[in-house]
Amino acid sequence: MKTQILKKKIVKIFHKYGLSKNHSSISADALINAELVGAYGHGLSRLKMYCDRISKNVINSKAKIKIKKISQSITHVDGNNSIGFVAADTAIKIAINNAKKTGIGLVAVKNSGHYGLSGYYAEQAVKKKLMVMVFTNAPPAVAPHGALKSLFGTNPICFGTPTGSKIPFILDTSISMINRGKIRVAAREGGKIPEGVALDKFGKPTTDPKKALEGVQLPIAGFRGSGLAWMVDILSGVFTGGNHAGRVKDPFTDFSGPQNIGHLFFAMKPNLFVGNNFNKRIKDNIKKIKKLPKIKGVKEILYPGQNKFNRYKNNLKKEIKISKNILNDLNILLK
Ligand SMILES: NC(=O)c1ccc[n+]([C@@H]2O[C@H](COP(=O)([O-])OP(=O)(O)OC[C@H]3O[C@@H](n4cnc5c(N)ncnc54)[C@H](O)[C@@H]3O)[C@@H](O)[C@H]2O)c1
Numbered sequence: 000m001k002t003q004i005l006k007k008k009i010v011k012i013f014h015k016y017g018l019s020k021n022h023s024s025i026s027a028d029a030l031i032n033a034e035l036v037g038a039y040g041h042g043l044s045r046l047k048m049y050c051d052r053i054s055k056n057v058i059n060s061k062a063k064i065k066i067k068k069i070s071q072s073i074t075h076v077d078g079n080n081s082i083g084f085v086a087a088d089t090a091i092k093i094a095i096n097n098a099k100k101t102g103i104g105l106v107a108v109k110n111s112g113h114y115g116l117s118g119y120y121a122e123q124a125v126k127k128k129l130m131v132m133v134f135t136n137a138p139p140a141v142a143p144h145g146a147l148k149s150l151f152g153t154n155p156i157c158f159g160t161p162t163g164s165k166i167p168f169i170l171d172t173s174i175s176m177i178n179r180g181k182i183r184v185a186a187r188e189g190g191k192i193p194e195g196v197a198l199d200k201f202g203k204p205t206t207d208p209k210k211a212l213e214g215v216q217l218p219i220a221g222f223r224g225s226g227l228a229w230m231v232d233i234l235s236g237v238f239t240g241g242n243h244a245g246r247v248k249d250p251f252t253d254f255s256g257p258q259n260i261g262h263l264f265f266a267m268k269p270n271l272f273v274g275n276n277f278n279k280r281i282k283d284n285i286k287k288i289k290k291l292p293k294i295k296g297v298k299e300i301l302y303p304g305q306n307k308f309n310r311y312k313n314n315l316k317k318e319i320k321i322s323k324n325i326l327n328d329l330n331i332l333l334k
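Per numbering that gives the first Met the number 0, the very first residue in the sequence shown carries number 0; after that it's consecutive.
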């Protein structure tokens with residue numbers, strides 16, 4: 000389906016469910032971007048879930064976002080349980096403005112919901128020539144190191160910087176071996192997941208996505224990944240006023256209340272310490288790394304974000320492929 004036609008359909012659906020035209024458009028753009036970068040687990044496969052949550056009043060379709068300025072650099076945003084895209088869009092724009100004015104923009108968000116891809120917000124800051132860090136917590140999926148029960152979300156860690164070229168450096172990674180969205184898509188489409196990424200509810204390794212969803216996902220690098228997940232929970236939950244310590248509700252299965260997810264956006268001017276030399280220094284850094292001798296079969300050493308940028312550019316030229324299941328959702332939601 001052509002991107003513009005798809006956007007119109009998504010906006011129509013969200014608007015029908017009570018979101019303003021502006022909020023519907025912000026949300027549609029985020030979902031379409033996820034499809035274009037190939038992050039299908041955070042794209043259209045979630046549209047029905049958002050609509051279900053709006054119908055059940057656990058996403059506030061009429062959210063009035065509250066903005067509390069703490070200093071020229073620091074702002075606290077209360078999302079009023081809006082759809083996560085809208086609270087996050089508000090917050091990154093404030094972080095960018097604060098950083099442009101003072102060098103640093105720190106924005107904490109509470110009472111938000113699932114906002115999709117951290118990198119989508121990081122890119123907005125990098126396009127404005129800023130460095131950025133973005134954190135969000137997520138519902139329980141990963142067991143803390145040594146624990147028998149999931150508590151941490153797949154809590155992505157995201158860092159972005161201008162590179163002096165048109166392709167931004169965006170490291171945007173879950174702390175789990177694979178992100179939960181991919182497992183959900185595999186469960187829905189009848190696929191399998193790779194070995195070594197999840198255990199079933201009895202603690203046995205599994206490649207069955209349904210069993211993985213009932214069990215636990217494994218963190219990257221054992222206790223190190225578990226520590227990173229914990230750090231993200233503190234920064235985006237404890238610090239912001241959002242839910243933390245496993246209290247974020249699963250958006251697909253728990254409609255007993257809003258998620259109250261927390262996010263943290265931290266934007267910085269790259270010239271703070273080295274002035275205009277930053278551009279030269281970052282180019283030198285990337286060039287040095289790219290020139291290293293390569294392992295057999297590797298054509299180019301990529302920096303984080305390069306692969307997604309290339310995918311996005313290629314996909315922009317094509318129509319967006321929509322699976323039968325999702326097309327079915329779209330048609331039902333449009334009725
Ligand atoms: N909102 C939420 O609750 C939530 C939770 C988890 C994940 N997510 C999002 O899901 C998305 C996918 O996460 P993921 O962990 O599956 O990402 P991924 O594994 O696809 O990529 C992780 C990072 O590695 C980089 N990368 C990939 N291949 C590379 C290569 N060959 N060389 C160099 N770098 C390479 C990517 O550019 C990216 O920055 C992210 O955008 C994340 O923010 C959201």
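In this text, a Cβ means the ideal position worked out from N, Cα and C, and glycines have one as well.
- Rounded to the nearest whole angstrom, the CA to CA distance from lysine 148 to valine 141 is 8 Å.
- Around the beta carbon of lysine 248, a 10 Å sphere encloses 16 or more other beta carbons of the protein chains shown; the residue is thus reported as buried.
- For alanine 146, no alpha helix (DSSP H) encloses it, and the DSSP letter there is neither H nor E.
- Distance between asparagine 154 and glycine 42, taken at the CA atoms: about 17 Å.
- Annotation for leucine 234: Phe134 and Leu263 place their beta carbon closer than 6 Å to its own, counting only its chain and skipping 5 residues before and after.
- Taken atom to atom, the span from the alpha-carbon of lysine 312 to that of asparagine 324 is near 26 Å.
- Excluding residues up to 5 positions away in sequence, Tyr49, Arg52, Asn80, Ser81, Ile82, Gly112 and Pro257 lie with their Cβ nearer than 8 Å to the Cβ of isoleucine 58 in the same chain.
- Shown here for valine 237: same chain residues with a beta carbon closer than 6 Å to its own, the five before and five after excluded, namely His243 in chain order.
- Taking 4 residues as the shortest admissible run, the stretch 19-101 contains the following complete alpha helix (DSSP H) segments, listed from N- to C-terminal end: 20-35, 46-54 and 83-101.
- Ranking Lys68, Lys320 and Val131 by CA distance to the CA of threonine 160 puts Val131 first.
- With contacts defined by Cβ atoms closer than 8 Å, glutamine 123 and isoleucine 95 form a contacting pair.
- As computed with DSSP, valine 106 is found in a beta bridge with Thr74 and Phe264.
- Annotation note: the stretch 162-220 contains the following uninterrupted beta strand (DSSP E) runs of length 3 or greater, listed N- to C-terminal: 168-172.
- Counted as a single uninterrupted DSSP element, the beta strand (DSSP E) harbouring threonine 160 occupies residues 156-160.
- For proline 303, the CB falls within less than 7 Å of some heavy atom of ligand 1.
- The nearest non-hydrogen atom of ligand 1 is less than 7 Å from the C-beta of threonine 172.
- Annotated as proximal: glutamate 213 and aspartate 199, with beta-carbon spacing under 8 Å.
- Proximity of the beta carbon of serine 117 to ligand 1 is indicated: a heavy atom of the ligand is located closer than 7 Å.
- A contact between stretches requires three or more CB pairs, one per stretch, nearer than 8 Å, and the stretch 31-41 meets this requirement with the stretch 176-184.
- In summary, valine 76 is buried, with 16 or more beta-carbon neighbours lying within 10 Å of its beta-carbon over all protein chains present.
- For the pair proline 138 and asparagine 327, the Cα-to-Cα distance works out to about 27 Å.
- Three or more Cβ pairs closer than 8 Å define a contact, and the stretch 98-111 meets that threshold against the stretch 57-74.
- By the 16-neighbour rule on beta-carbons within 10 angstroms, glycine 115 is buried.
- Rounded to whole angstroms, glycine 163 and lysine 282 show a C-alpha spacing of 6 Å.
- Taking C-beta separations shorter than 8 Å and ignoring five residues to either side along the sequence, the partners of glycine 17 in its chain run Ile53, Ser60 and Lys61, following chain order.
- By the neighbour-count criterion, in which a residue is buried when 16 or more other Cβ atoms sit within 10 angstroms of its Cβ, lysine 307 is buried.
- With respect to the 8 Å criterion, asparagine 259 and glycine 241 are classified as neighbours on the basis of their beta carbons.
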